[in-house]
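Our numbering puts the first residue of the sequence shown at 251, with every later residue one more than the last. See below for the structure under consideration.
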Amino acid sequence: MTTTRPASLPFTGDAAADALLASDPLALLIGFVLDQQVTVQKAFAGPAELLRRLGTLDPAALAAMEPGAFAAAFAARPALHRFPGAMAGRVQELCAVVARDHAGDASRVWTEARDGADLERRLRALPGIGEMKARTLVGLLAKRFGVRPPGWEAVAPSHPTLADVDSAEALAQYQEQKRAWKASQKAAGRA
């Protein structure tokens, strides 16, 4: 499968962190795992800060770290997430799965997918990646990286997601739309 790579993904406002998301598949997956109950900017800046704190994003090395030391890297101020202990465990589980099931190459999650349904299944098999995140990743991989296995359109979201964010302005617009949607859900008693 032929893929392309953008120079960066404009999710953090920090050029180096945004470039890392585009160049390192594990960084991208870690960002998605962290993307809950914190801002997009905080979640996706996490991989760059983790790299700075630990010196590596090698999945086998991260999976092999003593869990307490790994959690301490998450909890050091400023904490990488609102829930550093839980997220450290989830990210370490992700790294273990990538190391064990994908020979340490996170991109194999998508480059070896047979079709869109298989891609979604492979993404959902990762710790911290549920249905919404998997579908958003399918859209992002198709739109930004050229990863388009047969049938990807059937599992990509039809509504605006991070897959549609290609600038700081688009990110601000996406976040405003998401806030408005959450407010409407809360008003309707569904949130």
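For each residue, glycine too, the CB sits at the ideal point set by N, CA and C.
Nearest neighbour of G335, chosen from S417, A323, L278, L344 [CA to CA]: A323
Terminal residues of the alpha helix (DSSP H) in which T386 lies: 381 to 395
Contained alpha helix (DSSP H) runs [length at least 4] in the stretch 316 to 372, N- to C-terminal order: 317 to 325, 334 to 351, 358 to 361
Candidates A269, A326, V290, H409: closest to A298 by CA position: A269
Where Q427 falls, given that 16 or more other Cβ within 10 Å makes a residue buried: exposed
Buried or exposed by the 16-neighbour rule on C-beta atoms within 10 Å, applied to D285: buried
Local conformation of G263 per DSSP, three classes: coil
Pairwise C-alpha distance: Q342 and P309: 8 angstroms
Element boundaries [alpha helix (DSSP H), containing R303]: 290 to 304
Contact with chain B by A321, beta-carbon distance below 8 angstroms: No chain B appears in the structure shown, which is made up of a single protein chain.
C-beta contact flag for A272 and A257 at 8 angstroms: yes
Segment contact, 8 angstroms Cβ cut-off, at least three pairs: the stretch 402 to 415 with the stretch 312 to 321: no
When V288, M337, T289, Q287 are compared against L300, the one with the closest alpha-carbon: M337
DSSP three-state assignment for S434, whether helix, strand or coil: helix
Separation of A295 from L421, as counted between CA atoms: 14 angstroms
Where A266 falls, given that 16 or more other Cβ within 10 Å makes a residue buried: exposed
Distance CB(L344)-CB(L376) smaller than 8 angstroms: yes
Residues near F333 in its chain [Cβ-Cβ closer than 8 angstroms; skip 5 each side]: Q287
Selection from G366, S434, G281 that minimises the alpha carbon distance to V388: G366
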